Structure formats: structure tokens, C-alpha cells
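See structure below.
Residue numbers (the working numbering), protein chains in the order written: chain G, 1 to 103; chain B, 1 to 290.
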């Protein structure tokens, strides 16, 4: 399941998951809409191992500013609450999985 | 309605028009990968043939068969009441019962220094996606055609200053007027290098000048095949190609695709063959009144 994050529950989520994958997106962004199903697949495949969540940057600008996001889709990968990887642009499921498993 | 005036689109137009379907082709010959190509592996053509010559002849053939060719890019598309509407860069809207996407694969990158390095740190390929991250800062738009113009106009609602850099603009007059009226500053040169430290700070232009910028939007060509497909309800593959059945139908009834946009091999012979199939399929669909 993909958790919907906000400015309020973001820190809690990355703190509660040893590895967290966050999909930063917005509704009017075409590549983001294509990334959506990939992230849902990854959430199912990585359930129990990686916390997978989405953050709408339009509604939650504070997090976008905090992590200097200037293009979406952007994927943020956290380990032990620390940002270890930023991936900008649409990517394949295999590509994302390889990054997540390597952190 | 055929979007794309390359070999796939024009062959589709020839076949659809000969089957007495009202046929319109939207696109620019220079948007086709064939335009700059030299052909020496096509059945029946001896020696080396210039792609541009084939396109010119193909367009004449399509027009003689009864198709109308409109030399503009599409800027958006939508499904509506069992038919499809496409908006041209002039703002004119065209409606059709069936659509053939023959857009090719859009080149997205400029391949200039700083482009890959600053992706997501000021460099963007989607103004629609990333406009709101560039409020009250200067930005530069790169691209020669409608997508650059549309993006530049959009960015005037967000950025402090919007520059549009191009040394060979090819846009409809109405769109150009709209873009200038929105306050876009026109630069008749191209971006040579994107510079910055952590993030983009400036762009160096081919004419030697340097412009302060926090954002660089690279918007080449017309609206991309993937974006047009999504407008019509089709989810493209990760490499921007579209899946088609043997009769060139996509997942959306009434929408067909042919040529490079359906994936490899990126060959003239395949584009022409698929164009013929798509033209016949779309003509049959459009005339069936289903």
C-alpha cells in the first residue's frame, strides 16, 4: 500500500521505516501520472521491507522546499531517516528497485 | 486525423484518403527523423535518396489522394463524446472520429554541458510539471517550436522573467503573438552551457552572452507523443513508445498508432508498412460509425 504523506506525517514516516521510498508528484504532471502505477507495484513487491509513500508537492510545499525539489517526479530514498538518494524523472520499476535495494 | 507528417503519417494519409475517409495530417516535415536522413536500404529505391525528398513527394501524394496537410504542431488533444479533438498551435480545434498517432519519438535533450548535471536542480523537461517550483525567479526556455512557446507563456505566470532562446523559431504567428504579449523576452540565440554550483545560476549563450537564470526548461519540438497519448487516455510505455495490436489499434478505441512511436525497429520500411495498416484500420473505423 502506498501511504499518502503530508508536511505533518513526513518525518514520522521516514523515522518509522528503515528504508523509505517517497514519490514526490503533482496531479497535473504527466510523467508523475505514469510513475503512479509503478510506485503502487513497488509498494506491493517491497511490502515489509521498504516503506513506500507519495507526497503531493502542490499541497505540501514545505517538504519540497526542504529537499530542494525543483522537478517532478522526484523519488527520495531515505535510510535510517537520512536522505541517501534523489532520482529525478520517470524511471522503470527495475531501475528504482535496484536503487532501493542497494542503499 | 493523423498527427505526424513523417513517412508513417503520410502513408497512413494516402491509404485513408484513398478509402474515401476525410483525412487531415497535422505536423511538420522537419519534425520527422527522415528529414535529415539519407536512405539506402529501402525496397525499390536504388542508390542514396534524401529523406527530405521522400517527405516532399509523400506529402504531394497524400494531398493528391485527398488528404489535407496542416503544417502545425498539435498542442493538446482530448476525447469527447466518442470522437477526438486536437488543438493546433494556432488555437484552431480539429475534430475527428479516429486519430492516428504518428508522431515519432520526440527528441528531448539538448546534450549541452550542464544539462545532465543540473537535472532536478534547475533543469526541467516539463514546464507544466515544474512551473510552481520556479516562482519569482528568472528562467530560460529552449526549443524552436510550439512546446517552447506554450511553456514560455505558461512560465510568465510564475517566473520573474522568462527568456525564450532559439535561433530558428518555427511557430504559428498567432502563438508567437500570444507568447510575446504574455511578456516573454525573445533571444535569437541558443543555450551553449548551463552553469551553476549546487543549482543552476546562469546560462551561457551561443552568442557569448550570459544570462542569470534559476531555471532552464528544455522543450523541444511539438507536444510529445507520450503527452498526446496521455491526453487521449493511453498510458505510454516507460520509453515513451505506444503498444499497438497487429491492426495498429491502441488501448483506446478509435486511436491508432504507427511508425517510430510504436517502438523499434526505427526504420523507414516499418514506418511505411505500419502507416498503411493504420491508415486502413482508421478509415474503416471512422466510416463504420460504431
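Here a beta-carbon is modelled for each residue, glycine too, at the ideal position from N, C-alpha and C. A quick note: this is a predicted structure, and the numbers were derived from the prediction, not measured.
Boundaries of the beta strand (DSSP E) in which residue 68 of chain B is found, first to last residue
For residue 68 of chain B, the enclosing beta strand (DSSP E) starts and ends at 68–70.
Bridge-paired residues (DSSP) for residue 3 of chain B:
B:26, B:101
Are the C-beta of residue 6 of chain G and some C-beta of chain B separated by less than 8 Å?
no
Around the Cβ of residue 121 of chain B, are there at least 16 other Cβ atoms within 10 angstroms (buried) or fewer (exposed)?
buried
Please work out which residues of its chain come closer than 6 Å, Cβ to Cβ, to residue 29 of chain G, disregarding the five sequence neighbours upstream and downstream, and give them in chain order.
72
Beta-carbon proximity list for residue 63 of chain G, same chain, < 7 Å, skipping 5 on both sides
7, 10, 55
Could you tell me whether any Cβ in chain D is nearer than 8 Å to the Cβ of residue 69 of chain G?
The structure shown contains no chain D; the protein chains it does contain are G and B.
Establish whether the CB of residue 2 of chain G and some CB of chain B are separated by less than 8 Å.
no
According to DSSP, simplified to helix, strand and coil, what is residue 272 of chain B?
helix
Using a C-beta cutoff of 8 Å, does residue 58 of chain G count as contacting chain B?
yes
Check the DSSP bridge columns for residue 205 of chain B and list the partner residues they point to.
Residue 205 of chain B is bridged to B:191.
Looking at residue 37 of chain B: is its Cβ nearer than 8 Å to the Cβ of residue 58 of chain B?
no
Taking a Cβ distance cut-off of 9 Å, strictly less, list which residues of the segment 26–47 of chain G are near chain B, in chain order.
26, 28, 29, 30, 31, 32, 33, 34, 37, 38
Along chain G, which residues have their Cβ under 8 Å away from the Cβ of residue 230 of chain B?
30, 33, 34
Under three-state DSSP, which class holds residue 24 of chain G?
strand
If you measure between the beta carbons of residue 151 of chain B and residue 89 of chain B, is that distance less than 8 Å?
no
Is residue 18 of chain B helix, strand or coil when you go by DSSP?
helix
On the DSSP bridge assignment, give the partners of residue 211 of chain B in chain order.
B:203
Find the nearest neighbour of residue 78 of chain B within the set B:72, B:194, B:86, judged by alpha-carbon distance.
B:86
Checking the sheet assignment: what are the DSSP bridge partners for residue 77 of chain G?
G:21, G:85
To which residues does DSSP link residue 8 of chain G through a beta bridge?
Note: residue 8 of chain G sits in no beta bridge, so no partner.
DSSP beta-bridge partners of residue 50 of chain B
Paired residues: B:38.
Whose Cβ in chain G lies nearer than 9 Å to the Cβ of residue 121 of chain B?
68, 70, 71, 88
Cβ closer than 7 Å: which chain B residues qualify as neighbours of residue 92 of chain G?
238
Determine the chain G residues that contact residue 130 of chain B at a beta-carbon separation under 7 Å, and present them in chain order.
70, 71, 72
Alpha-carbon spacing of residue 89 of chain G relative to residue 74 of chain G, whole angstroms
Spanning the two alpha carbons is a distance of roughly 6 Å.
Which residues in chain G have a C-beta closer than 8 Å to the C-beta of residue 64 of chain B? List them in chain order.
Residues of chain G passing the Cβ test: none, with the nearest at roughly 37 Å.
Residue 280 of chain B by DSSP, collapsed to three states: which one?
helix
Establish whether the CB of residue 62 of chain G and some CB of chain B are separated by less than 8 Å.
no
Tell me whether the beta-carbon of residue 41 of chain G lies closer than 8 Å to the beta-carbon of residue 93 of chain G.
In terms of Cβ geometry, residue 41 of chain G and residue 93 of chain G form a close pair [threshold 8 Å].
Per-residue burial, residue 43 of chain B [other beta carbons within 10 Å of its own, 16 or more giving buried]
exposed
Within chain G, the residues that residue 175 of chain B reaches when beta carbons sit closer than 7 Å
Chain G residues near residue 175 of chain B: none, gap ~21 Å exceeds 7 Å.
I'd like to know if residue 77 of chain B contacts chain G, where contact means its C-beta is closer than 8 Å to some C-beta of that chain.
Output row for residue 77 of chain B: interface = no.
Proximity test, Cβ basis, 8 Å: residue 124 of chain B and chain G
yes
Rounded to whole angstroms, what's the CA-CA distance from residue 137 of chain B to residue 157 of chain B? Just pull it up for me.
11 Å
Uninterrupted beta strand (DSSP E) stretches inside the segment 99–185 of chain B (no shorter than 3 residues):
99–101, 138–142, 161–165
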